[in-house]
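Note sheet for the following structure.
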Amino acid sequence: MISPCSGPWGRTRRCSCGKPQESLNIVIVGHVDHGKSTLVGRLYADTGSLPEGKVEKVQAICRQQGKEFEYAFLFDAFLEEQEQGITIDTARTFFIWNGRQYIIIDAPGHKEFLKNMISGAARAEAALLLIDALEGVREQSKKHGYLLSLLGVTQFAVVVNKMDLVGYRQDVFDGIEKEYREFLGQFRAVPQQMIPVSAKMGDNIATRSSHMNWYQGPTVLETLALFKKEQVRSEQPLRFPLQDVYKFDARRILAGRITAGRLKVGDQLVFSPSNKTAIVQSIEGFNVDPPRGEAQAGQSVGITLDEQIFVERGEIASHRESIPLVSTAVRVNLFWMGRRPLEKGRKYVLRLATREVACEVAAIHRIIDTADLAQLQESQAVAKNQVAELTLRVKAPLAFDLS
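For the sequence shown, this note's numbering gives the first residue as 1, with consecutive numbering after it.
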């Protein structure tokens, strides 16, 4: 039994195992039709995590459209997705297993929706990357592997799906594993695990497959349990980007959302990039009485200071021992999603946290083809869906952290 909340297929229910000890954001990526939504559907079915009526609703839609029921349809939330057979948006769902809540981001694989995949992966702490055993490593498989690395997602496993379509052959799996590990090795990415599965048939998803005795590694669920939670954001250095400054009577309240760290009355703050300092006099909250004495990452608050200094939207408050970097030029790795090419010498608007500042592309150092990692030298423009290393020169000092 996978979960005490498991029930027979078609009569599953939301897990009620109690409050989870922690949560983990997982993004599932891969080439179109390699089985991402099917894998998610199988995970939810096998852990008894589907809400009442979900299956019946999807089965009714399948009958109406004359389709055979598939696990993937459980998460194709939009009519357009079901008509076209591709996942367009990043659907966020969750299940609880063994004391941990897994927030699953099912990201699109179709190249036209690469922007949505980036959006989903940027919120992830770990990833599952799917490859179709019948089709092998495809262009999007390589793009997604490289982009996960670019976004800093270092915890990931490669799931070789549809092993039933190749007769569960070990040589097919071994060939895909060798090819993909060699590709990942070009940018020093190492998967925690490579798992042969059939999401449709349930092989190596929640329980070990009787068809692949040659595989001795963990199942998908066991692999998820091995992924580590990121450092709690409230334990990181304070980062409090100012959203706005409000005036009430004689008070000036600095409002924003704490993105990292903790803040308490009496703390001395440094505001970057202006480098002004002040002490927190009070912490205010909407409909909170009396005022708070402390706040932490994830909370939206307002603060008053012991003296009236001029700070504005876009400044970042921190403690003096851990202030962010400040510069008027930054060298960045960039994934370009604009309709028009990004051009050297052209002016743009850079948004970072709550700050918005004019910038110019000072230099394009290299452009990387994410399909084969070939480098394009001496180019003056970056096309849509290309990755580039470039220098941006901003018109005013910018506060930032290195990733």
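We put the beta carbon where it would ideally sit given N, CA and C, even for glycine.
Classification of residue i by the beta-carbon crowding that lies within 10 angstroms, buried from 16 upward
i, result
"residue 161", "buried"
"residue 238", "buried"
"residue 185", "exposed"
"residue 297", "buried"
"residue 378", "exposed"
"residue 380", "exposed"
"residue 198", "buried"
"residue 4", "Below a pLDDT of 50, predicted positions are generally treated as unreliable, and residue 4, at 35, falls in that range; the measurement from the model is reported next regardless. Exposed, because fewer than 16 other Cβ atoms sit within 10 Å of the Cβ of residue 4."
"residue 337", "exposed"
"residue 214", "exposed"
"residue 168", "buried"
"residue 140", "buried"
"residue 127", "buried"
"residue 246", "exposed"
"residue 210", "exposed"
"residue 351", "exposed"
"residue 147", "buried"
Residues of its chain near residue i, where Cβ-Cβ distance is below 8 Å and the 5 sequence neighbours each way are ignored
i, result
"residue 334", "342, 382, 387, 388, 389 and 390"
"residue 294", "262, 263, 264, 265 and 283"
"residue 325", "399, 400, 401 and 402"
7 Å CB neighbourhood of residue i in its chain, flanking five on each side removed
i, result
"residue 278", "269, 305, 306, 307 and 309"
"residue 393", "328, 329, 359, 360 and 362"
"residue 332", "390 and 392"
Assumed close pair residue i, residue j - CB separation to whole angstroms, cut-off 8 Å
i, j, result
"residue 283", "residue 254", "That belief does not hold up - the Cβ atoms of residue 283 and residue 254 are roughly 10 Å apart, past 8 Å."
"residue 125", "residue 224", "Residue 125 to residue 224, Cβ: 11 Å. No contact."
"residue 384", "residue 339", "7 Å"
"residue 27", "residue 105", "4 Å"
"residue 353", "residue 316", "6 Å"
"residue 375", "residue 367", "7 Å"
"residue 212", "residue 164", "With a Cβ gap of about 10 Å, residue 212 and residue 164 do not count as contacting."
"residue 311", "residue 276", "6 Å"
"residue 22", "residue 100", "6 Å"
6 Å Cβ shell around residue i - same chain, five flanking residues per side excluded
i, result
"residue 491", "Only positions 1 to 403 of the chain appear in this structure, which leaves residue 491 out of reach."
"residue 172", "133 and 166"
"residue 8", "The pLDDT assigned to residue 8 is 30, lower than 50, so where the model puts this residue is not dependable; a value taken from the coordinates is nonetheless given after this. Excluding residues within five positions, none has a Cβ falling inside 6 Å."
"residue 256", "240, 241, 242 and 243"
"residue 71", "38, 41 and 42"
"residue 314", "354 and 355"
"residue 397", "273, 326 and 328"
Mind listing, in chain order, the continuous beta strand (DSSP E) runs of no fewer than 3 residues lying wholly within the region 246-274? 251-257, 262-264 and 268-272
Any contact of the region 199-208 with the region 38-56, i.e. 3+ C-beta pairs under 8 Å? yes
Inspect the CB distances between the region 208-225 and the region 180-190 and report whether three or more fall short of 8 Å. no
Hey, which unbroken runs of the alpha helix (DSSP H) at 4 residues or more fall wholly within the region 374-403? none
What alpha helix (DSSP H) runs, 4 residues minimum, are completely inside the region 128-176? 139-150
What are the start and end residues of each continuous alpha helix (DSSP H) run of 4 or more residues lying completely inside the region 221-245, in chain order? none
With a threshold of 8 Å, are at least 3 pairs of Cβ atoms found where one atom belongs to the region 148-163 and the other to the region 191-199? yes
In chain order, what are the residue ranges of uninterrupted beta strand (DSSP E) at least 3 long that sit wholly in the region 305-365? 316-319, 325-335 and 347-352
Taking only runs of the alpha helix (DSSP H) that begin and end inside the region 15-66, which ones reach a length of at least 4 residues, in chain order? 36-46 and 54-65
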